[in-house]
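Novice: Below is the structure I would like to discuss, written out as structure tokens.
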Amino acid sequence: MKKFLPLLPLVAVCLFACGAAEQVEPAQTSDVLETTSDATASQASVSKGAAFQPVGAVDVSTMSTPEDAPDDWRAVAANQLVVLKTAHGVTLIELAPQFAPGHTARIQALASNEYFVGMPFHRVLKGFMAQAGDNKLVGRPEPTTENLTAEFRFRRSPNMKMIVTGERRSAEAGFIDGFNVASQNPALAMMTADGKVDAWSLHCPGAAAAARLGNDINSANAQFYITMGYPEALDKNYTVWGRVRAGLPAIFRIKRGEPVIPPDLIEQFALVSGLDAANAPLVWVMNTNSPAFSAYLETLKTSSGSLPDVCKIDVPVWVRWP
Numbered sequence: 043m044k045k046f047l048p049l050l051p052l053v054a055v056c057l058f059a060c061g062a063a064e065q066v067e068p069a070q071t072s073d074v075l076e077t078t079s080d081a082t083a084s085q086a087s088v089s090k091g092a093a094f095q096p097v098g099a100v101d102v103s104t105m106s107t108p109e110d111a112p113d114d115w116r117a118v119a120a121n122q123l124v125v126l127k128t129a130h131g132v133t134l135i136e137l138a139p140q141f142a143p144g145h146t147a148r149i150q151a152l153a154s155n156e157y158f159v160g161m162p163f164h165r166v167l168k169g170f171m172a173q174a175g176d177n178k179l180v181g182r183p184e185p186t187t188e189n190l191t192a193e194f195r196f197r198r199s200p201n202m203k204m205i206v207t208g209e210r211r212s213a214e215a216g217f218i219d220g221f222n223v224a225s226q227n228p229a230l231a232m233m234t235a236d237g238k239v240d241a242w243s244l245h246c247p248g249a250a251a252a253a254r255l256g257n258d259i260n261s262a263n264a265q266f267y268i269t270m271g272y273p274e275a276l277d278k279n280y281t282v283w284g285r286v287r288a289g290l291p292a293i294f295r296i297k298r299g300e301p302v303i304p305p306d307l308i309e310q311f312a313l314v315s316g317l318d319a320a321n322a323p324l325v326w327v328m329n330t331n332s333p334a335f336s337a338y339l340e341t342l343k344t345s346s347g348s349l350p351d352v353c354k355i356d357v358p359v360w361v362r363w364p
């Protein structure tokens with residue numbers, strides 16, 4: 043595996059202090075949804091096995107299995123599953139090409155070329171996000187890839203089923219294909235030229251998204267971040283290209299700072315399709331259109347019959363390690 047070391051200390055300090063070119067604007071405190079996982083992950087003593095072979099956040103031991111009830115579960119394709127490894131553990135990220143095709147294609151290409159291996163998490167803010175991918179901090183040339191067109195929203199047709207669990211300001215909030223999203227009411231589709239409505243991925247904890255340059259919305263290239271809270275102000279302003287399915291605690295344990303000196307490095311960033319069978323996890327996400335998911339939501343309701351906020355609902359996941 044390729045390893046890249048940071049620049050000499052004096053140069054590195056200058057680069058880190060100057061900041062990365064592609065930035066994610068910090069959310070105001072009131073915009074950040076703090077999670078129990080944040081506090082737990084920073085304090086808990088996690089065994090090496092658990093950290094490096096993570097499972098989903100929901101205990102699925104009493105639920106159906108993908109073999110027993112295949113309609114309850116959706117297998118994640120190997121070319122849409124990223125294995126991200128740092129010294130703190132492994133994180134599994136599912137790509138979302140149905141919402142951000144250009145960005146997911148870019149991540150697939152960069153992962154296949156081991157572009158992120160040796161890159162630092164250079165900007166890590168508590169309750170906000172962990173950002174990585176600044177080539178200058180490890181003395182690499184600028185990426186040869188072109189900047190990407192923003193994919194902050196996608197057009198949702200009435201037949202793109204969404205399980206609504208609540209509201210997000212004036213929009214519906216819920217799940218499409220197991221991803222946390224918000225959408226205009228589909229009834230509005232009859233008034234649009236294409237018969238569709240606007241929808242967008244939410245920056246709930248565990249969202250994987252593209253960093254960009256200041257006010258240039260079409261400047262995302264090869265830097266990314268993973269949210270550790272819910273910075274709602276980023277919704278519809280940054281492109282979400284994936285979601286963490288297992289191993290989010292490993293992200294919470296990444297060394298914090300702005301800048302981070304010395305930073306935690308990415309040891310692996312690969313598509314499962316590029317791994318040999320002995321190292322390739324299998325992941326199934328609960329089918330959010332299934333009766334099983336409806337039954338699961340019933341278990342989360344309060345005594346008044348209401349559901350938690352969409353960002354506090356973890357979709358069950360089966361993970362099988364070799």
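Under the working numbering, read the sequence shown as residues 43 to 364, first letter to last. Glycine residues also receive a C-beta, built at the ideal position from the N, C-alpha and C atoms.
For the region 269–306, list the alpha helix (DSSP H) runs that are entirely contained and at least 4 residues long, ordered along the chain.
Specialist: Complete alpha helix (DSSP H) runs here, min 4: 290–294.
Novice: Would you check if the distance between the CB atom of Ala-129 and the CB atom of Leu-307 is smaller than 9 Å?
Specialist: Contact: yes.
Novice: Hey, is the region 105–120 in contact with the region 160–170, meaning 3+ C-beta pairs nearer than 8 Å?
Specialist: No, they do not touch.
Novice: In or out: Ser-346 buried (at least 16 other Cβ within 10 Å) or exposed?
Specialist: Under this definition Ser-346 is an exposed residue.
Novice: Excluding the 5 residues flanking Val-53 on each side, which residues of the same chain have their C-beta closer than 6 Å to its C-beta?
Specialist: The predicted position of Val-53 is uncertain, since its pLDDT is 37 and thus under 50; a value taken from the coordinates is nonetheless stated next. Answer for Val-53: no residue qualifies.
Novice: With a Cβ-Cβ cutoff of 9 Å, do Gly-284 and Thr-146 count as a contact?
Specialist: Yes, these two residues count as a Cβ contact at 9 Å.
Novice: Only counting the same chain, and skipping five residues up and downstream in sequence, which positions put a Cβ closer than 6 Å to that of Lys-127?
Specialist: Same-chain partners within the cutoff: Glu-309 and Gln-310.
Novice: Assuming Arg-362 contacts Leu-324 under a Cβ cut-off of 8 Å, what Cβ separation, rounded to an integer in Å, is found between them?
Specialist: Right, their Cβ atoms sit about 4 Å apart.
Novice: Would you mind working out which of Pro-304, Phe-221, Asp-258 and Glu-300 sits nearest Gln-140, comparing C-alpha positions?
Specialist: Answer by Cα proximity: Phe-221.
Novice: Quick one: Cα of Val-352 to Cα of Ala-337, how far?
Specialist: Taking the straight line joining both Cα atoms gives about 16 Å.
Novice: Comparing C-alpha positions only, which one of Asn-155, Ala-322 and Phe-194 sits nearest to Trp-242?
Specialist: Nearest of Asn-155, Ala-322 and Phe-194 to Trp-242, Cα basis: Phe-194.
Novice: Mapping DSSP to helix, strand and coil, what is Ile-149?
Specialist: Ile-149 falls in the helix class under three-state DSSP.
Novice: Measuring alpha carbon to alpha carbon, tell me which residue in Asp-240, Ala-224 and Gly-216 is nearest Ala-231.
Specialist: Answer by Cα proximity: Asp-240.
Novice: For Gln-65, write down the residues that DSSP places opposite it in a beta bridge.
Specialist: In DSSP, Gln-65 forms a bridge with Arg-254.
Novice: Does the structure place the region 274–281 close enough to the region 293–305 that three or more beta carbon pairs sit under 8 Å?
Specialist: The region 293–305 vs the region 274–281: no contact.
Novice: If you check the beta carbons only, do Thr-187 and Ala-264 fall under 9 Å apart?
Specialist: Contact flag set, yes.
Novice: Which residues does DSSP pair with Pro-364 in a beta bridge?
Specialist: Answer is none; Pro-364 lacks a bridge partner.
Novice: Is DSSP giving Leu-325 helix, strand or coil here?
Specialist: The sequence as given places Val at residue 325; Leu does not occur at that position. Correct three-state label for Val-325: strand.
Novice: Could you tell me the distance, in whole angstroms, from the CA atom of Glu-156 to the CA atom of Ser-212?
Specialist: Taking the straight line joining both Cα atoms gives about 41 Å.
Novice: Just to confirm my understanding: we take Gly-289, look at its own chain, exclude 5 residues before and 5 after, and list those with CB closer than 7 Å. What are they?
Specialist: Hits under 7 Å: Pro-96, Gly-131, Val-132, Thr-133 and Leu-134.
Novice: Would DSSP call Thr-207 helix, strand or coil?
Specialist: Thr-207 falls in the strand class under three-state DSSP.
Novice: Quick test of your reading: Val-286 and Val-327, contact by CB under 8 Å. State the CB separation rounded to the nearest angstrom.
Specialist: With a Cβ gap of about 12 Å, Val-286 and Val-327 do not count as contacting.
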